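Everything on this sheet refers to the single structure shown next.
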Amino acid sequence: MGTACGCFAGLTGEAQAPDRRRTDQSPAVGSSSSAGKQTPPVEDNQPTHPTTPTPAPDSPDEKGYDLLEDVRTWKSGSGGVIDISPDGSSRVLLQPPGQIDKEASAPADGAEVGIDVEVLEIVGPSLETRFSCRGLRTASGSGDVRLPEELELAIPHLKKPAGTFIVFCRSFCEYGALPETGLWQALAPCRGKEVILKLQLVEVQDLCLATLEGHERLEYAKGRKDAGSKFFKRDKFESALERYSLAAEMLGHRDDIKDNALWAQAQDVRVLCELNAAACLLKLEKWREAEAVCNAILRASPDNEKALFRRAKALLASGDAARAEVDLRRVLEANSGNAEAKQLLQKARQQGKGTEKERKVYAKMLQ
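Position one of the sequence shown corresponds to residue 1 (our numbering), numbered consecutively onward.
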């Protein structure tokens with residue numbers, strides 16, 4: 001059964017009955033203040049309420065059956081098609097409209113947006129409407145769990161003014177569970193099915209990062225840090241890394257934040273973001289990059305315990321047990337009760353012994 005919602009829907013209520021207009025205004029999905037600004041709701045005066053699966057038209061000029069044939073031939077990099085799959089597997093592909101206004105732009109990370117959404121399931125030779133919502137409010141890159149993963153992946157690529165963006169999902173919900181809210185649960189039968197999303201960015205918050213005042217810049221960076229933490233908890237380490245890196249960059253220039261007290265707060269937040277970025281890089285097994293981030297922190301704060309520990313993990317993983325042991329000893333000098341550091345130090349010692357033993361074996365073989 002198709003489902004429709006008719007305004008900036010919070011997706012915390014139940015799907016509307018087919019013959020009933022929605023008169024309440026629900027809270028926004030994944031809404032974030034983004035430097036203290038809010039986007040006013042936009043009313044949709046003519047919501048649609050399909051009562052049965054609605055086949056998309058199959059005439060060539062209405063892009064029904066032609067669209068179905070077209071998406072099956074999509075390849076990343078061809079015809080403007082973009083691979084937005086988290087693992088680069090082309091399981092989720094996005095195609096922008098054929099013509100986009102030269103002034104069109106994508107929403108800034110964290111900006112409030114309004115989107116028209118239509119979800120079509122591929123059923124045999126036809127497309128059937130499963131969900132329709134006009135003016136859905138959320139925040140770009142929010143890390144919120146109340147959106148289908150494929151929609152969240154697509155939002156940063158949408159532009160306004162522009163037409164309809166098409167997303168082809170080879171297996172719906174492959175990269176994340178369906179949100180446990182009434183409206184999205186209407187799409188439960190689509191799990192694992194081929195699905196097409198039609199998306200149009202109808203409203204976007206005017207957020208110019210370059211012109212933010214010092215206090216706005218700090219609040220925006222905090223919002224990006226929080227979004228990064230949401231992604232991290234969901235094991236979306238690449239997305240988390242992007243948010244932590246953006247937040248740290250926003251707070252890295254003294255000229256942008258002139259107030260001394262505000263600057264001090266900003267540097268505390270920046271260091272937290274850099275530490276979190278290092279944690280993401282460790283999860284992604286990017287040892288050298290993690291080491292470099294920790295090096296930058298330690299140049300400004302040589303005794304930062306977390307930076308020393310995370311650098312030690314990166315060094316040990318890349319085979320430098322000796323330097324890892326030095327960092328771990330420094331951690332334990334500052335905090336003798338750090339159980340993780342003790343365990344890692346034992347591992348570093350064992351790895352160092354193994355290396356020395358191998359050297360002796362090789363030396364005997366060469367005699």
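We put the CB at the ideal spot given by N, CA and C, even for glycine. Since we're looking at a predicted model, the values are computed, not measured.
Here Gly79 has Gln95 as same chain residues with Cβ atoms under 8 Å from its own Cβ, once five neighbours each way along the sequence are excluded. Rounded to whole angstroms, Ala104 and Leu345 show a C-alpha spacing of 53 Å. Taken atom to atom, the span from the alpha-carbon of Gln185 to that of Leu147 is near 11 Å.
Taking every protein chain shown into account, the CB of Lys353 has fewer than 16 other CB atoms within 10 angstroms, so this residue is exposed. Taking the CA atoms as reference points, Glu194 sits about 42 Å from Arg270. In this structure, Ala321 lies near Ala348, with their beta-carbon atoms less than 8 Å apart. Straight-line spacing of the CA atoms in Gly182 and Asp116 works out to 18 Å. Our two residues, Lys222 and Lys198, have alpha carbons roughly 32 Å apart in a direct line.
For Cys294, the enclosing alpha helix (DSSP H) stretches over residues Trp287 to Ala300.
By DSSP's assignment, Leu120 forms a beta bridge with Thr129 and Ile196. The Cβ neighbour count for Asp235, taken over all protein chains shown within 10 Å, is under 16; the residue is labelled exposed. By the C-beta criterion, the segment 313–320 is judged not to be in contact with the segment 296–305, since fewer than 3 inter-stretch pairs fall below 8 Å.
Rounded to whole angstroms, Asp70 and Phe168 show a C-alpha spacing of 10 Å. Going by C-alpha positions, Ala247 is about 30 Å away from Ile100. Secondary structure at Glu274: helix, using DSSP grouped into helix, strand and coil. A direct Cα-to-Cα measurement between Gln350 and Val293 gives close to 26 Å. Ser132 counts as buried, since at least 16 other C-beta atoms from the protein chains shown sit within 10 angstroms of its C-beta. Sequence-distant Cβ neighbours of Leu251 in its own chain, meaning closer than 8 Å and more than five residues away, are Arg217, Leu218, Ala221, Ile257, Ala266, Gln267, Val269, Arg270 and Cys273. No residue range can be given for Phe172, since it is assigned to no beta strand (DSSP E) and is classified by DSSP as neither H nor E. Remark: C-beta atoms of Val123 and Ser140 do not approach each other more closely than 8 Å. In the DSSP assignment, Val331 falls within the unbroken alpha helix (DSSP H) covering Ala321 to Ala334. DSSP places Lys258 outside both helix and strand once states are collapsed to three, so it counts as coil. The DSSP-derived three-state label of Gly214 is helix. Between Arg91 and Arg170 the beta-carbon gap is near 5 Å, inside 8 Å, which marks them as a contact. Distances from the CA of Leu93 to each of Arg134, Phe237, Ile155 and Ala106 were compared; the closest alpha carbon is that of Ile155. Classified as buried, Cys190 has 16 or more neighbouring CB atoms from the shown chains inside 10 Å of its CB. When DSSP states are grouped into helix, strand and coil, Leu136 belongs to the strand group.
Cβ neighbours of Leu315 within its own chain (closer than 6 Å, five residues either side excluded): Arg323 and Ala324. For the pair Ala106 and Leu207, the CB atoms are not nearer than the 8 Å cut-off.
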